[in-house]
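Participant:
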Amino acid sequence: MKDRPSFASEAITAEREASVKLGLLRRSPGLWLTLAIALVVGLYPALTGNVAVREVVFTMLLSVALASSLNILLGYTGYVSFGHVVFFGLGGYVGMFLLSRGMGLWLAAPAGGLASGVLAFLLGKAILRLRGAYFALATIGINEAMRAFINNFAPFGGPTGISLNFQIYTGYGGAGQALWLTYYVLLGLAIVSLVLSYLVKTSKFGLGLMAIREDEDAAEVMGVITPNAKTWAYILSAIIPGIVGALFFFKNGNIEPNDAFRLHFSIEMLVMVMLGGQGTVLGPMLGAAGYQGLRGFLVTSPLFKDVQLAVAGGLLLLIVLFIPAGAVGWLRQHFPRLRALLP
Amino acid sequence: MKRRFAVLISMLMAVGLLAACGTQAPASAPTSAGNAAPGTGAASSKTVTIGFSASLTGASNVESTRQKNGLQLWMDQVNARGGVALADGSKVTFTAKSYDDESNKDRVQELYARLINDDKADFLISPYGSGPTDAAAVIAEQYGKIMITTGAASDSTYSKGYTLVYQMYTPASRYLTGALDALAQAKPDAKKLAVVHENDKFSTDVSNALKSYAEGKGYQIVLFEGYDTSTTDFGPIINKIQQAQPDAILGGGHFQDGTTLSKQLYEKKLSTQFLALLVAPPEPKFAELGAAALGVVGPSQWEPAATYNADAAKSAGIEWYGPTVAEFVKAYKDAYGEEPSYHAAGGYAAGMILGKALEQAGTLDTPKVKATLDGLDLLNFFGHIKFNTSNAHGLQIGHDMVYIQWQRGDGDKPTKQIIWPAAATTAKLTIPLR
Numbered sequence: 001m002k003d004r005p006s007f008a009s010e011a012i013t014a015e016r017e018a019s020v021k022l023g024l025l026r027r028s029p030g031l032w033l034t035l036a037i038a039l040v041v042g043l044y045p046a047l048t049g050n051v052a053v054r055e056v057v058f059t060m061l062l063s064v065a066l067a068s069s070l071n072i073l074l075g076y077t078g079y080v081s082f083g084h085v086v087f088f089g090l091g092g093y094v095g096m097f098l099l100s101r102g103m104g105l106w107l108a109a110p111a112g113g114l115a116s117g118v119l120a121f122l123l124g125k126a127i128l129r130l131r132g133a134y135f136a137l138a139t140i141g142i143n144e145a146m147r148a149f150i151n152n153f154a155p156f157g158g159p160t161g162i163s164l165n166f167q168i169y170t171g172y173g174g175a176g177q178a179l180w181l182t183y184y185v186l187l188g189l190a191i192v193s194l195v196l197s198y199l200v201k202t203s204k205f206g207l208g209l210m211a212i213r214e215d216e217d218a219a220e221v222m223g224v225i226t227p228n229a230k231t232w233a234y235i236l237s238a239i240i241p242g243i244v245g246a247l248f249f250f251k252n253g254n255i256e257p258n259d260a261f262r263l264h265f266s267i268e269m270l271v272m273v274m275l276g277g278q279g280t281v282l283g284p285m286l287g288a289a290g291y292q293g294l295r296g297f298l299v300t301s302p303l304f305k306d307v308q309l310a311v312a313g314g315l316l317l318l319i320v321l322f323i324p325a326g327a328v329g330w331l332r333q334h335f336p337r338l339r340a341l342l343p
Numbered sequence: 001m002k003r004r005f006a007v008l009i010s011m012l013m014a015v016g017l018l019a020a021c022g023t024q025a026p027a028s029a030p031t032s033a034g035n036a037a038p039g040t041g042a043a044s045s046k047t048v049t050i051g052f053s054a055s056l057t058g059a060s061n062v063e064s065t066r067q068k069n070g071l072q073l074w075m076d077q078v079n080a081r082g083g084v085a086l087a088d089g090s091k092v093t094f095t096a097k098s099y100d101d102e103s104n105k106d107r108v109q110e111l112y113a114r115l116i117n118d119d120k121a122d123f124l125i126s127p128y129g130s131g132p133t134d135a136a137a138v139i140a141e142q143y144g145k146i147m148i149t150t151g152a153a154s155d156s157t158y159s160k161g162y163t164l165v166y167q168m169y170t171p172a173s174r175y176l177t178g179a180l181d182a183l184a185q186a187k188p189d190a191k192k193l194a195v196v197h198e199n200d201k202f203s204t205d206v207s208n209a210l211k212s213y214a215e216g217k218g219y220q221i222v223l224f225e226g227y228d229t230s231t232t233d234f235g236p237i238i239n240k241i242q243q244a245q246p247d248a249i250l251g252g253g254h255f256q257d258g259t260t261l262s263k264q265l266y267e268k269k270l271s272t273q274f275l276a277l278l279v280a281p282p283e284p285k286f287a288e289l290g291a292a293a294l295g296v297v298g299p300s301q302w303e304p305a306a307t308y309n310a311d312a313a314k315s316a317g318i319e320w321y322g323p324t325v326a327e328f329v330k331a332y333k334d335a336y337g338e339e340p341s342y343h344a345a346g347g348y349a350a351g352m353i354l355g356k357a358l359e360q361a362g363t364l365d366t367p368k369v370k371a372t373l374d375g376l377d378l379l380n381f382f383g384h385i386k387f388n389t390s391n392a393h394g395l396q397i398g399h400d401m402v403y404i405q406w407q408r409g410d411g412d413k414p415t416k417q418i419i420w421p422a423a424a425t426t427a428k429l430t431i432p433l434r
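What follows is the structure, given as structure tokens:
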């Protein structure tokens, strides 16, 4: 560790040094804290059997998985992707296509993730050479291009999209059971995305990504093979959104281009990551759950439901103005001792 | 520098979110529900909760708000009358519970699950739009709740095996077929059609159904072309139409593209006998096109000038139910100060049909209400209502579109006339259109 260049984020060194000798469990209290929160929130609807709460938590977990994946690119690597929803949409489309052809969810959903990973690989080779605002613009273009392509792609139903017959759920024990099933799978995915995020962050590969974030040229000079590292970061950030997309649209029962490639949702994903704190493991989770929780509360609250978007927008503006590092980033800055607990 | 860039990006995103919020619809509905259980004795009165999500914000907020207004009007009226009488002599009044779905389906399932579980909604009305309705139907069916869909014309929802979802609107597959019938009657020798449509789910479904219907009737489709939703220059498409030399042009999509296409067709002086477009022509604002609006035909789920009445019901041998067209139009104008659109009428009719089913079943029991809805066959101010009960359960098979044409009125101002179906016409189809 000591002979490493000092561009490594200060936090990692602190964490590492504090806990080198101990086992994985004690070595990373922050990860366990993060997972424990996710599990408690995630299992709450299952324990109480409350379906309305389950639906609220479903939206949160969906966002946690997406934001946490996006964070690998945005937070660690420092590349702003405005079009990340393209992976969610493509995964959804591939998954729905296979489901409607009679394939089971257990194959269709990973296939969605795989398709997104492949797309990320191809795109990565092409557009990760761009930096800063140029990359951000290119990602918007990709989302729009994909939407236009699917809109004219007959096997995916063109503008009509793909619908599933209600009968498909009987194969999973009826609609009620199928919705619980998707919920548990999503909970699992959210946890996988958090673990992945942690592993990336604490690995040598992650260190390379953060080096790229701080100064790409310097990173290259120090021996990071930046094109490869960036492409891998892009792929890793794409796979889980692809699987989540397949799950989400399976639960919805239909998919259309405008639902799958909604640019607005991309922006919401960025907001979640930034709210919670980009470049941290816990941040995107808190940001996603907090954002969706807030929106969910406002939209159903008798007091705010008619002005909910205005209130949400105003709150967001205040947060980005005054806590630009995000909640976890702010805590880490002001309470250095907590850093081991706030990965 | 880096930090500034981040702050800049953050602020841009926040602004983007705010901008995406769209306009806030004035959610002003005269609510008298809830406190409208008159003193009929506590034991003999129940309150039924009707749950739905409405697009108070986002792209569909105008249509959805009107739909909600229509439903609310019905609820206010029926509550003011003391509610619907059940078989056991009790009276039920209605109260609505609704949330904003922001015109997209991200939260629709969450909201409907909440309506059913937390708010204890007894019956459901669909969101506005086919996509959100599809998502809501899964939840309704899963919990065994009856959902009346309005503002959702897609056919595909009903071929998915649902048993509790009932459609008020004429399905997309029949949106333009009536226009072709009108053309066939007025000009039997017009056989060459050009179909140009917006490339989205609804318009494509309509156009595909039109195509197979037309081909079945021996028409020749000389051009079948989709255009992107955001198209503003129809020059290339119009050139193609010109080359194909059709007798009639059908298609369109939504308001923006429909008005632009009509205008540019007029400016290019394209000679055609007949022009029928989706969605845009029935809107009162379409008249602002002036001379370019003249002759354009459009399908509408309902028009204030529609002439459905008790006599028509009698001659068709079916029951007449509810207010007359004039009574509904007046009540709506009194409540909201504007002429009702078909969205508003659909909202009102959805509530009314639900109320009728409860009254006829004499109970709130879902299987019995479902059986009543399955057997329903009646005429009302909104039109004929009858549901498919076999292969596409819940699909609307009774209701017909009315077709309007903008014709030259007083002082050359375009006025809307109903030209089809024959039973509801207020004027004859002008052909060729200009």
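Same order as they appear, the protein sequences are chains A and B.
In terms of the numbering used here, the first sequence has 338 at position 338, counting the first letter as 1, and numbering is strictly consecutive.
In terms of the numbering used here, the second sequence has 373 at position 373, counting the first letter as 1, and numbering is strictly consecutive.
Ideal Cβ positions, reconstructed from N, Cα and C, are used throughout, including at glycine.
These numbers were taken from a predicted model, which means no experiment stands behind them.
1. Kindly indicate which residue of A:Leu73, A:Leu39, A:Leu331, A:Gly161 has the alpha-carbon position closest to the one of Gly276 (chain A).
2. Under the DSSP definition of a beta bridge, which residues are partnered with Ile249 (chain B)?
3. Counting contacts by CB-CB distance shorter than 7 Å, is Phe166 (chain A) in contact with chain B?
4. Leaving out five residues on either side along the sequence, give the residues of the same chain with a beta carbon under 7 Å from the beta carbon of Gln360 (chain B).
5. Ordered along the chain, which non-local residues of its own chain (more than five positions away) have a Cβ less than 6 Å from that of Gly329 (chain A)?
6. Figure out for me which residue from B:Gly70, B:Ser44, B:Gly251, B:Glu110 has the closest Cα to the Cα of Val84 (chain B).
7. Ends of the beta strand (DSSP E) at Arg408 (chain B)?
8. List the DSSP bridge partners of Trp320 (chain B).
9. Using only alpha-carbon positions, find the residue among A:Leu309, A:Thr280, A:Asp259 that is nearest to Leu294 (chain A).
10. Rounded to the nearest angstrom, how far is the Cβ of Glu215 (chain B) from that of Gly252 (chain B), given a contact under 8 Å?
11. Counting only the same chain and skipping the five closest in sequence on each side, list residues whose C-beta sits under 6 Å from that of Gly283 (chain A).
12. Report, in whole angstroms, the separation of the C-beta atoms of Gly398 (chain B) and Ile385 (chain B), which I expect to be a contact under 8 Å.
13. Is Lys160 (chain B) close to chain A? Criterion is C-beta to C-beta, closer than 7 Å.
14. Give every residue of the same chain whose Cβ lies closer than 6 Å to the Cβ of Pro45 (chain A), excluding the five residues on either side of it in the sequence, and list them in chain order.
15. Could you say which of B:Val195, B:Gly355, B:Asp233, B:Ala140 lies nearest to Leu179 (chain A) if we only look at CA atoms?
16. Who does Phe52 (chain B) pair with in a DSSP beta bridge?
17. Helix, strand or coil for His254 (chain B) per DSSP?
18. Residue range of the beta strand (DSSP E) that Glu339 (chain B) falls in?
19. Since Phe234 (chain B) and Val195 (chain B) should fall inside the 8 Å C-beta cutoff, what is the C-beta to C-beta distance between them, to a whole number of angstroms?
20. Is Val56 (chain A) close to chain B, meaning its C-beta is less than 7 Å from at least one C-beta of that chain?
21. Could you check which residue in B:Ile237, B:Pro367, B:Gln407, B:His254 has the C-alpha nearest to that of Val146 (chain B)?
22. Provide the residue span of the alpha helix (DSSP H) that contains Trp32 (chain A), from first to last.
23. DSSP on Lys330 (chain B), reduced to helix/strand/coil?
24. Kindly say whether Val299 (chain A), judged by its beta-carbon, lies nearer than 7 Å to any beta-carbon of chain B.
25. Would you say Gln67 (chain B) and Gly151 (chain B) are within 7 Å of each other, going by their C-beta atoms?
26. Return no unless some Cβ of chain A is closer than 7 Å to the Cβ of Gln67 (chain B).
27. Between which two residues does the alpha helix (DSSP H) harbouring Ile116 (chain B) extend?
28. Per the DSSP calculation, Leu124 (chain B) is bridged to which residue(s)?
29. For chain A, check one thing: does any of its Cβ atoms lie closer than 7 Å to the Cβ of Tyr99 (chain B)?
30. In terms of alpha-carbon separation, which member of B:Asp374, B:Lys192, B:Glu63, B:Ala80 lies closest to Thr95 (chain B)?
31. Run down chain A in chain order and give the residues with a C-beta less than 8 Å from the C-beta of Ala287 (chain B).
32. Give the secondary structure of Leu395 (chain B) by DSSP, where H, G and I count as helix, E and B as strand, and everything else as coil.
33. Chain A partners of Ala316 (chain B), CB-CB under 9 Å?
34. What do you get for Lys160 (chain B), buried or exposed, if any count of 16 or more other CB atoms within 10 angstroms of its CB means buried?
35. According to DSSP, what are the bridge partners of Asn254 (chain A)?
36. Buried or exposed: Asn254 (chain A), going by 16 or more other Cβ atoms within 10 Å of its Cβ?
Facilitator: In short:
1. Among A:Leu73, A:Leu39, A:Leu331, A:Gly161, the Cα nearest to that of Gly276 (chain A) is on A:Leu331.
2. By DSSP's assignment, Ile249 (chain B) forms a beta bridge with B:Ala194, B:Leu275.
3. Taking Cβ atoms only, chain B reaches closer than 7 Å to Phe166 (chain A), which makes this a yes.
4. Cβ within range, chain order: Thr372.
5. So the qualifying residues of the chain are Gly277.
6. Comparing Cα positions, the closest option is B:Ser44.
7. Where Arg408 (chain B) is concerned, the enclosing beta strand (DSSP E) stretches over 402-408.
8. Beta-bridge pairing links Trp320 (chain B) to B:Leu379.
9. Closest by alpha carbon: A:Leu309.
10. Incorrect: roughly 20 Å between the Cβ atoms, too far for contact.
11. Contacts found: Gly276, Gly277, Gly326, Val328.
12. Rounded to the nearest angstrom, the Cβ distance from Gly398 (chain B) to Ile385 (chain B) is 5 Å, consistent with a contact under 8 Å.
13. It does: the Cβ of Lys160 (chain B) has a partner Cβ on chain A nearer than 7 Å.
14. Around Pro45 (chain A): Val53, Arg54, Val57.
15. For the set B:Val195, B:Gly355, B:Asp233, B:Ala140, the Cα lying nearest the Cα of Leu179 (chain A) is the one of B:Ala140.
16. The partner list for Phe52 (chain B) (beta bridge, DSSP) reads B:Ser98.
17. If DSSP states are grouped into helix, strand and coil, His254 (chain B) belongs with coil.
18. Segment: none, Glu339 (chain B) is in no beta strand (DSSP E) and carries neither H nor E.
19. Incorrect: roughly 14 Å between the Cβ atoms, too far for contact.
20. Closer than 7 Å: yes.
21. Note that residue 146 (chain B) corresponds to Ile in the displayed sequence, not to Val. Comparing Cα-Cα distances from Ile146 (chain B) to each of B:Ile237, B:Pro367, B:Gln407, B:His254, the minimum goes to B:Pro367.
22. Element bounds for Trp32 (chain A): 29-48.
23. It is helical.
24. Closer than 7 Å: yes.
25. Yes, they are a contact pair.
26. The C-beta of Gln67 (chain B) comes no closer than 7 Å to any C-beta of chain A.
27. Its alpha helix (DSSP H) spans residues 108-117.
28. Assignment of beta-bridge partners to Leu124 (chain B) by DSSP yields B:Gly51, B:Met147.
29. Answer yes: the Cβ-Cβ gap between Tyr99 (chain B) and chain A drops below 7 Å somewhere.
30. Of B:Asp374, B:Lys192, B:Glu63, B:Ala80, the residue nearest in Cα terms is B:Ala80.
31. Neighbourhood of Ala287 (chain B) in chain A, by CB distance below 8 Å: empty, with the nearest CB roughly 29 Å away.
32. When DSSP states are grouped into helix, strand and coil, Leu395 (chain B) belongs to the coil group.
33. Close partners of Ala316 (chain B) in chain A (Cβ separation under 9 Å) are lacking, with about 33 Å as the shortest Cβ gap.
34. Buried: at least 16 other Cβ atoms inside 10 Å.
35. Under DSSP, the beta-bridge partners assigned to Asn254 (chain A) are A:Ser163.
36. Taking all protein chains shown into account, Asn254 (chain A) has 16 or more neighbouring C-beta atoms within 10 Å of its C-beta and is therefore buried.
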